[in-house]
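Student: Would you mind keeping the following structure in view while I ask a few things?
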């Protein structure tokens with residue numbers, strides 16, 4: 002395995018590609034996962050730090066405004082919508098876990114605790130097929146607000 006599994010992302014950062022480390026997993030990944038480059042999304046997030054700030058402010062305004070709005074109104078029956086939403090979160094979390102756990106397992110069994118905690122995240126787990134699911138998890142926090 003070794004050096005043949007070391008790839009470079011769009012910024013030239015070297016990382017171990019999970020589907021090369023564990024070739025039996027390659028067939029389980031879609032082409033868009035195999036070809037994912039985290040750099041454009043990472044750069045877009047870095048260039049737009051106002052998005053999470055505005056999202057949080059809107060969240061607080063909606064919580065405050067929603068409480069005022071519903072003070073004298075009957076509650077809405079969103080039970081089915083909440084079941085659907087929570088099921089979607091469950092599916093997303095399960096797929097994300099299944100996609101990232103093999104890389105986590107590899108890192109834990111091949112690197113020291115210090116390396117696991119202190120290494121560059123972009124090279125350790127933020128690129129390649131694992132990087133896609135790490136970015137999706139990060140971006141999902143805005144949707145979950």
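In our numbering, the protein residues as written are 2 to 146.
All C-beta atoms, glycine included, are put in the ideal place defined by N, C-alpha and C.
On a predicted model such as this, the values are computed, not experimentally measured, just so you know.
Whose C-beta lies closer than 8 Å to the C-beta of residue 69 among residues of the same chain, with five residues either side of it excluded?
Tutor: Cβ neighbours of residue 69 beyond the five flanking positions: none.
Student: Which same chain residues, not among the five before or five after residue 138, have their C-beta less than 6 Å away from its C-beta?
Tutor: Counting only Cβ-Cβ distances below 6 Å, and skipping sequence neighbours, we find 97.
Student: If you measure from the CB of residue 78, is any heavy atom of the ligand ADP nearer than 6 Å?
Tutor: As presented, the structure is devoid of all ligands, the ligand ADP included, so that no description of it is given.
Student: Can you give me the start and stop residues for the alpha helix (DSSP H) that residue 142 sits inside?
Tutor: It spans 129 to 145 - the alpha helix (DSSP H) in which residue 142 sits, taken as one unbroken run.
Student: Helix, strand or coil: which one does DSSP assign to residue 7?
Tutor: Reduced to three states, the DSSP call for residue 7 is strand.
Student: Which of helix, strand or coil does DSSP assign to residue 17?
Tutor: Residue 17 falls in the strand class under three-state DSSP.
Student: Whole alpha helix (DSSP H) runs in the stretch 45 to 90 with 4 or more residues, listed along the chain?
Tutor: The qualifying runs are 51 to 71.
Student: Rounded to the nearest angstrom, what separates residue 135 and residue 142 at their Cα positions?
Tutor: In a straight line, the C-alpha of residue 135 is about 11 Å away from that of residue 142.
Student: So, helix, strand or coil for residue 124, using DSSP?
Tutor: Helix at residue 124.
Student: I'd like to check one pair, residue 16 with residue 130: are the Cβ atoms closer than 7 Å?
Tutor: Not closer than 7 Å, so no.
Student: Exposed or buried, which one is residue 126 when buried takes at least 16 other CB atoms within 10 Å?
Tutor: That one is buried.
Student: In terms of residues, what are the limits of the alpha helix (DSSP H) holding residue 33?
Tutor: Start and end: 32 to 35.
Student: Looking at the structure shown, is residue 112 part of a helix, part of a strand, or coil, going by DSSP?
Tutor: If DSSP states are grouped into helix, strand and coil, residue 112 belongs with coil.
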